[in-house]
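**Q**
Residue numbers (our numbering): 575 to 807.
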C-alpha cells in the first residue's frame, strides 16, 4: 500500500492483521498483569472525565487504587499509557468491523454490516476518541501514531477492492489504495461529527446512507451478485 512521503516503518506497537499491542513488556506475574490492567482502565476513565491535559499521573494512580510510584513501574509517562489505550481501542474497532460468518456473503451486505459494527464501537469509545483527536493535533507522536494505526484498515479495504475488481464487480479504473484512503476518511470524519462533535443523525438512515455512498463509489449496489467477498470499513 502507498505510504506517506517520509513516513517511518510501522512501530512495534502495530502488529500484522491490524491488531495492536503495547511496546511495553507484559508483566510476568498474574499480580503484575492485574495491576497494569487496572492502571490502563483507570487511565481511560481519568482521561475521559478530565481530559488528557488536566489529568495527572497521581489521578490515574488514585483511580486505580495504587500509588504514584507503582505507575512508573509499568509506564514512563501518561503519553505512553494513552498510546496503549489508543492501540487497544483501534484493535477493537478493526476486529468489530470485520463482518461475522453469519452475514450474507454478497458485497453490499458485508459493507453494510461492517459500517454498522464500526459505528457501534466508535459510539462506545466516543469520549476517548475525542481525547485522541485532540492529542493528534497537538503532539507529533500521536499524529504519527494515528496515521500508522490507520494503515491496517486501509490495507484491508484496498485488498477488498482489488478482490472485487478481479471479479468484475468493482470499478477497474479506481486506484484501490487511494480509494480506500478517501472512503476511510469519509467514515472517520462522519464518526467525529456524530459522536465527538454531537451532530445528531438517525442511526438507521446514517448507516444505510453511508453504505450506499461507500458501495456505489466502487461500483457495488444491493443487487450485486452474491457470493463475492467485499472490503470492510
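Glycine included, C-beta positions come from ideal geometry on N, C-alpha and C.
It should be emphasised that the depicted structure is a prediction, and the values quoted were computed from it without experimental measurement.
Might you give, ordered along the chain, the residues of its own chain that have their beta carbon closer than 7 Å to the beta carbon of residue 624, omitting 5 neighbours on each side?
**A** As a first step, residue 624 must be located in the chain shown, where it is residue number 50. Answer for residue 624: 633, listed in chain order.
**Q** Does the region 709-724 come into contact with the region 770-789, if we say contact requires no fewer than three beta-carbon pairs (one atom in each stretch) closer than 8 Å?
**A** Flag = no, the region 709-724 and the region 770-789 do not touch.
**Q** Relative to the alpha-carbon of residue 706, which residue among 627, 680, 772, 761 has its alpha-carbon at the smallest distance?
**A** Taking the first residue of the chain shown as position 1, residue 706 is located at position 132. Among 627, 680, 772, 761, the Cα nearest to that of residue 706 belongs to 627.
**Q** Closer than 8 Å by C-beta to residue 613: which residues in its own chain qualify, once you throw out the five before and the five after it? Chain order, please.
**A** In the chain shown, residue 613 corresponds to position 39, counting from 1. Result list for residue 613: 634, 635, 638, 640, 644, 645, 648, 649, 655, in chain order.
**Q** Does the distance from the C-beta atom of residue 772 to that of residue 727 stay below 8 Å?
**A** The residue given as residue 772 occupies position 198 in the chain shown. The residue given as residue 727 occupies position 153 in the chain shown. Cβ distance not < 8 Å, so residue 772 and residue 727 don't count as in contact.
**Q** Quick check on DSSP: helix, strand or coil for residue 597?
**A** Working through the chain shown from its first residue, we reach residue 597 at position 23. The pLDDT assigned to residue 597 is 48, lower than 50, so where the model puts this residue is not dependable; a value taken from the coordinates is nonetheless given after this. Correct three-state label for residue 597: coil.
**Q** Quick check: the Cα distance between residue 730 and residue 682, rounded to an integer number of angstroms?
**A** Against the chain shown, residue 730 aligns to sequence position 156. Against the chain shown, residue 682 aligns to sequence position 108. Going by the C-alpha atoms only, they are around 16 Å apart.
**Q** Rounded to a whole number of angstroms, what is the C-alpha to C-alpha distance between residue 747 and residue 686?
**A** By one-based count along the chain shown, residue 747 stands at place 173. By one-based count along the chain shown, residue 686 stands at place 112. Spanning the two alpha carbons is a distance of roughly 23 Å.
**Q** Measure the CB-CB distance between residue 744 and residue 735 and report whether it falls below 8 Å.
**A** If you number the chain shown from 1, residue 744 lands on position 170. If you number the chain shown from 1, residue 735 lands on position 161. Result yes, Cβ atoms of residue 744 and residue 735 sit closer than 8 Å.
**Q** Mapping DSSP to helix, strand and coil, what is residue 714?
**A** Locating residue 714 in the chain shown gives position 140, counting from the first residue. Of the three classes helix, strand and coil, the one that applies to residue 714 here is helix, per DSSP.
**Q** Do the CB positions of residue 702 and residue 663 come within less than 8 Å of each other?
**A** Taking the chain shown and counting its residues from 1, one reaches residue 702 at position 128. Taking the chain shown and counting its residues from 1, one reaches residue 663 at position 89. Yes, the Cβ-Cβ distance between residue 702 and residue 663 is below 8 Å.
**Q** Mind reading off the beta-carbon distance from residue 700 to residue 769? Whole number of angstroms is fine, and I expect it under 8 Å.
**A** Residue numbering aside, residue 700 sits at position 126 when the chain shown is read from its first letter. Residue numbering aside, residue 769 sits at position 195 when the chain shown is read from its first letter. Right, their Cβ atoms sit about 4 Å apart.
**Q** Go through its chain and collect everything with a Cβ distance to residue 778's Cβ below 7 Å, but skip five positions before and after it.
**A** Residue numbering aside, residue 778 sits at position 204 when the chain shown is read from its first letter. There are no such residues.
**Q** Report buried or exposed for residue 711, applying the criterion of at least 16 other Cβ atoms within 10 angstroms of its Cβ.
**A** Here the question's residue 711 lines up with position 137 in the chain shown. Result: exposed.
**Q** Taking Cβ to Cβ, would you say residue 822 is nearer than 8 Å to residue 723?
**A** Limits of the chain in this structure are 575 at one end and 807 at the other, which puts residue 822 out of reach.
**Q** Can you name the start and end residues of the alpha helix (DSSP H) that residue 647 belongs to?
**A** Start at 1 with the first residue of the chain shown, and residue 647 comes out as number 73. From DSSP, the alpha helix (DSSP H) with residue 647 extends over 642-648.
**Q** Count the other CB atoms within 10 Å of the CB of residue 603; is the residue buried (16 or more) or exposed (fewer)?
**A** Start at 1 with the first residue of the chain shown, and residue 603 comes out as number 29. Flag for residue 603 reads exposed.
**Q** Would you kindly report the start and end of the unbroken alpha helix (DSSP H) that includes residue 654?
**A** Here residue 654 refers to the residue found at position 80 of the chain shown. Looking at the DSSP string, the run of the alpha helix (DSSP H) that includes residue 654 is 652-670.
**Q** Determine the burial state of residue 689: buried for a count of at least 16 other Cβ atoms within 10 Å of its Cβ, exposed for fewer.
**A** Position 115 of the chain shown, counted from the start, is the residue given in the question as residue 689. Per the 10 Å Cβ criterion, buried.
**Q** Output the distance between the C-alpha atoms of residue 595 and residue 668, rounded to the nearest integer angstrom.
**A** The count along the chain shown starts at 1 and reaches residue 595 at position 21. The count along the chain shown starts at 1 and reaches residue 668 at position 94. Its pLDDT being 40, under 50, residue 595 is placed unreliably by the model, and the measurement read from it follows with that caveat. One C-alpha to the other measures close to 13 Å.
**Q** The alpha helix (DSSP H) that contains residue 683, what's its start and end?
**A** Locating residue 683 in the chain shown gives position 109, where the first residue counts as 1. 681-698 is the extent of the alpha helix (DSSP H) around residue 683.
**Q** State the Cα-Cα distance for the pair residue 786 and residue 794, rounded to the nearest angstrom.
**A** Within the chain shown, numbered from 1, the residue matching residue 786 stands at position 212. Within the chain shown, numbered from 1, the residue matching residue 794 stands at position 220. Using only the alpha carbons, I get a separation of about 9 Å.
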